[in-house]
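In my numbering, the protein residues as written are 351 to 939.
Just so you know, even glycine gets a beta-carbon here, dropped at the ideal spot from N, CA and C.
Have a look at the structure below before the remarks.
This is the structure in structure tokens:
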């Protein structure tokens, strides 16, 4: 997810200025209060070599846009330290703010800071002048010290200067663009871990009923910038037996990025109050597509004294869980699905059809994720119904495709089924995926790797964790599987490894990012130069496998103090070795 933050400064008179910090999560969001000024990109992600000097580097620039038709904007830039709050939000740290932090927190921020490496070419001493409907490109120089490893971050703040001669309250917006720098060739071991789980009572009010938070503590004690997906399940003791209360706790957002030194306390509302009892929270965590050790914790929870009955998730199942429909513009398709109540108590079910979260509000190449939604075309009949204990019911899905405007191959929707008990208490949620394949459009499968693949020592001798991120930039779903390959200069695949992701059981939708991770054991590898390759294949619904995309790095493997070491090497070094064995390798160039 991309994040962009604005810091609002309120000027009360010519000499009285108070700062109000406002944090916004943005993806293609239009807001009239600040739409006249735009800073792009929302973050700068760079992979650079230690000791390198990047002056006016093509990938390191800010674009300042003034969308006002009459007013000239004046913008000043400065660089700040950067950290993350407990909820994962970016927090800019001005130099004076460090003095207000405890020593341990300040040290963690400074150890991972690259503030001193970054200099905007313009706008530091004198403001950048942006004419009405104008645009200015500001290169950012980056000088990386020698000997550094891992990951570093800072932020560039773009501050709109107050207009002169304006009466009354003046609001000044400051935008912060995170600058995230990975050091090329680093092999830092990821040390992101789940540290704690818990339950918290959320007091109610006149308008909001009492509810419960499930909490997860996450810490990054390493030097990697990692992508995490939290998972949790809530159970309760009934006598000596455990009974499921919430089968899959839903976090919002569903995924986060975490920088070195950050400590999160992620909270999510389970939508119900709990009575006093002995509960168990089972926490899980995926880090860069790889599951790490979970945490189970028994909690004597006081709960809400007013609640006497425990509302647990009914085991509602939908079959099939993925509905694929072939359609043409102007046509109608129907499908029947079965809904089953796995609990002994009767429940009421409400159906809602929504744009999948993986696509909603995202953009790529001039397309919006909402353009590939078929939620508005799908009718559920009936949309509300009752299920007796252990009962089943057939439900009809009716999809009416529009006669015009269907230019894409795939259209998608989530079918969310909300269950409740007779007293109105929450009985959980389940979902199915609706895939509409437009037979009048050509297939457009396109997956790419937007970032260089990474490898880190696993903590065991001669073993490495290999991670790659892929993005589905086409307009139809795929069913991907990842494989690690070590390829010799003569193109022989000499070693393979299996990869996992946090979403192996479902399709990868358009606009979706997905991390794949696996372990590569080099114990018995020969010294030499190789291509480290991550290959993504579409397994479809059968045994046929079609290559989708790959990500590569050139590496050298050698023996050092009894263990195999893998280090990145320049492409030219590898090609010289390939030439020596009378082969030319053209991958990844």
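Return the first residue and the last residue of the beta strand (DSSP E) that residue 444 is part of.
Position 94 of the chain shown, counted from the first residue, corresponds to residue 444. Unbroken run through residue 444: none, as it is neither H nor E.
Report the CB separation of residue 530 from residue 575 in whole angstroms; it is logged as a contact under 8 angstroms.
Looking up residue 530 in the chain shown gives position 180. Looking up residue 575 in the chain shown gives position 225. Yes, residue 530 and residue 575 are in contact; Cβ-Cβ is about 6 angstroms, under 8 angstroms.
Please state if the CB of residue 568 and the CB of residue 663 are separated by a distance shorter than 9 angstroms.
Here residue 663 corresponds to residue number 313 of the chain shown, with the count starting at 1. Here residue 568 corresponds to residue number 218 of the chain shown, with the count starting at 1. Their beta carbons are not under 9 angstroms apart, which means residue 663 does not touch residue 568 by this criterion.
When DSSP labels each residue in this structure, what does residue 930 get in the three-state scheme?
Taking the first residue of the chain shown as 1, we reach residue 930 at position 580. The answer is helix: DSSP assigns residue 930 an H, G or I state.
Check whether the Cβ atoms of residue 830 and residue 879 sit closer than 9 angstroms, and answer yes or no.
Mapped onto the chain shown, residue 830 falls at position 480. Mapped onto the chain shown, residue 879 falls at position 529. Not closer than 9 angstroms, so no.
Rounding to the nearest angstrom, what Cα-Cα distance links residue 416 and residue 524 in this structure?
Taking the first residue of the chain shown as 1, we reach residue 416 at position 66. Taking the first residue of the chain shown as 1, we reach residue 524 at position 174. Straight-line measurement puts the Cα of residue 524 at about 14 angstroms from the Cα of residue 416.
Could you pull the start and end residues of the beta strand (DSSP E) that residue 592 belongs to?
One-based indexing of the chain shown puts residue 592 at position 242. It spans 591 to 596 - the beta strand (DSSP E) in which residue 592 sits, taken as one unbroken run.
Cβ of residue 496 within 9 angstroms of Cβ of residue 400?
As a working mapping, residue 496 is identified with position 146 in the chain shown. As a working mapping, residue 400 is identified with position 50 in the chain shown. Yes, these two residues count as a Cβ contact at 9 angstroms.
Give the straight-line distance between the Cα atoms of residue 478 and residue 410, rounded to the nearest whole angstrom.
What you label residue 478 is simply residue 128 of the chain shown in a count that begins at 1. What you label residue 410 is simply residue 60 of the chain shown in a count that begins at 1. In a straight line, the C-alpha of residue 478 is about 17 angstroms away from that of residue 410.
Candidates 493, 468, 428, 446: which alpha carbon is nearest residue 476's?
Position 126 of the chain shown, counted from the start, is the residue given in the question as residue 476. Here the closest residue by C-alpha is 428.
C-alpha gap between residue 708 and residue 862, whole angstroms
The residue given as residue 708 occupies position 358 in the chain shown. The residue given as residue 862 occupies position 512 in the chain shown. So the alpha carbons of these two residues sit roughly 5 angstroms apart.
In three-state DSSP terms, what is residue 562?
For the purposes of this step, residue 562 is identified with residue 212 of the chain shown, where counting begins at 1. Correct three-state label for residue 562: strand.
Since residue 577 sits in a beta bridge, which residues does DSSP pair it with?
As a first step, residue 577 must be located in the chain shown, where it is residue number 227. Per DSSP, 607.
If contact is defined by three or more beta carbon pairs under 8 angstroms, each pair taking one atom from either stretch, is the segment 436 to 450 in contact with the segment 602 to 621?
yes
Please classify residue 806 as buried or exposed, where buried requires at least 16 other C-beta atoms within 10 Å of its C-beta.
Taking the first residue of the chain shown as 1, we reach residue 806 at position 456. Residue 806 is buried by the Cβ-count criterion.
Cβ shell of residue 925 (< 6 angstroms), same chain only, five flanking positions each side left out:
Translated into the one-based positions of the chain shown, residue 925 becomes position 575. Excluding residues within five positions, none has a Cβ falling inside 6 angstroms.
With DSSP collapsed to three states, give me the class of residue 465.
Here residue 465 is taken as the residue at index 115 of the chain shown, counted from 1. DSSP places residue 465 in helix when its eight states are reduced to three.
For residue 682, report the span of its beta strand (DSSP E) as first-last.
Walking along the chain shown from the start, residue 682 turns up at place 332. It spans 682 to 691 - the beta strand (DSSP E) in which residue 682 sits, taken as one unbroken run.
Check the C-beta distance from residue 859 over to residue 762 and give it rounded, since I have them as a contact under 8 angstroms.
Mapped onto the chain shown, residue 859 falls at position 509. Mapped onto the chain shown, residue 762 falls at position 412. Correct: roughly 6 angstroms between the Cβ atoms.
Can you tell me whether residue 454 is helix, strand or coil according to DSSP?
Translated into positions along the chain shown, residue 454 becomes position 104. In this structure, residue 454 counts as helix in the three-state DSSP scheme.
Length of the line joining the Cα atoms of residue 822 and residue 794
Here residue 822 refers to the residue found at position 472 of the chain shown. Here residue 794 refers to the residue found at position 444 of the chain shown. Their Cα atoms are separated by approximately 11 angstroms.
Please state whether DSSP places residue 925 in a helix, a strand or coil.
Taking the chain shown and counting its residues from 1, one reaches residue 925 at position 575. Residue 925 falls in the helix class under three-state DSSP.
Starting from residue 666, follow its DSSP beta bridges and name the residues at the other end.
To locate residue 666, count along the chain shown from 1; it is residue 316. Beta-bridge pairing links residue 666 to 691.
By Cβ distance, which residues of its chain are closer than 6 angstroms to residue 657, with the 5 residues on each side in sequence left out?
Reading the chain shown from its first residue, position 307 is the one you call residue 657. Once the five neighbours on either side are set aside, the close Cβ partners of residue 657 are 623, 625.
Does DSSP classify residue 719 as helix, strand or coil?
By one-based count along the chain shown, residue 719 stands at place 369. In this structure, residue 719 counts as helix in the three-state DSSP scheme.
Any contact between the segment 786 to 800 and the segment 752 to 768? By contact I mean 3 or more CB pairs, one from each, below 8 angstroms.
Yes, the segment 786 to 800 touches the segment 752 to 768.
Inter-residue Cα distance where the pair is residue 930 and residue 527
For the purposes of this step, residue 930 is identified with residue 580 of the chain shown, where counting begins at 1. For the purposes of this step, residue 527 is identified with residue 177 of the chain shown, where counting begins at 1. Counting only the Cα atoms, residue 527 lies some 46 angstroms from residue 930.
Rounded to whole angstroms, what's the CA-CA distance from residue 748 to residue 703? Just pull it up for me.
As a working mapping, residue 748 is identified with position 398 in the chain shown. As a working mapping, residue 703 is identified with position 353 in the chain shown. Those two C-alpha atoms are separated by around 12 angstroms.
Cα-Cα separation, residue 380 to residue 503
On the chain shown, residue 380 is found 30 positions in, with the first residue counted as 1. On the chain shown, residue 503 is found 153 positions in, with the first residue counted as 1. For residue 380, the predicted structure reports a pLDDT of 35, less than 50, and the residue's modelled location is therefore unreliable. A value from the coordinates is still provided. Cα to Cα, the separation comes out at about 27 angstroms.
Is the segment 843 to 854 touching the segment 895 to 903, taking contact as three or more C-beta pairs under 8 angstroms?
The answer is no - the segment 895 to 903 does not touch the segment 843 to 854, with fewer than three Cβ pairs under 8 angstroms.
Report the CB separation of residue 902 from residue 868 in whole angstroms; it is logged as a contact under 8 angstroms.
Mapped onto the chain shown, residue 902 falls at position 552. Mapped onto the chain shown, residue 868 falls at position 518. Taking the Cβ atoms as the reference, residue 902 lies roughly 15 angstroms from residue 868, outside the contact range of under 8 angstroms.
Give me the Cα-Cα distance between residue 691 and residue 644, rounded to the nearest whole angstrom.
On the chain shown, residue 691 is found 341 positions in, with the first residue counted as 1. On the chain shown, residue 644 is found 294 positions in, with the first residue counted as 1. Whole-angstrom Cα-Cα distance: 29 angstroms.
Where does residue 511 sit, in a helix, a strand or coil, going by DSSP?
As a working note, residue 511 is residue 161 in the chain shown. Coil, per DSSP.
Where does residue 373 sit, in a helix, a strand or coil, going by DSSP?
Walking along the chain shown from the start, residue 373 turns up at place 23. A caution first: residue 373 carries a pLDDT of 37, below 50, which makes its placement in the model unreliable, though a value can still be read off. If DSSP states are grouped into helix, strand and coil, residue 373 belongs with coil.
Residues that DSSP places opposite residue 650 in a beta bridge
On the chain shown, position 300 is the one that residue 650 refers to. Partner(s): 628.
Mark residue 460 as exposed unless 16 or more other C-beta atoms lie within 10 angstroms of its C-beta, in which case mark it buried.
Stepping through the chain shown from its first residue, residue 460 is reached at position 110. Residue 460 counts as exposed, since fewer than 16 other beta carbons sit within 10 angstroms of its beta carbon.
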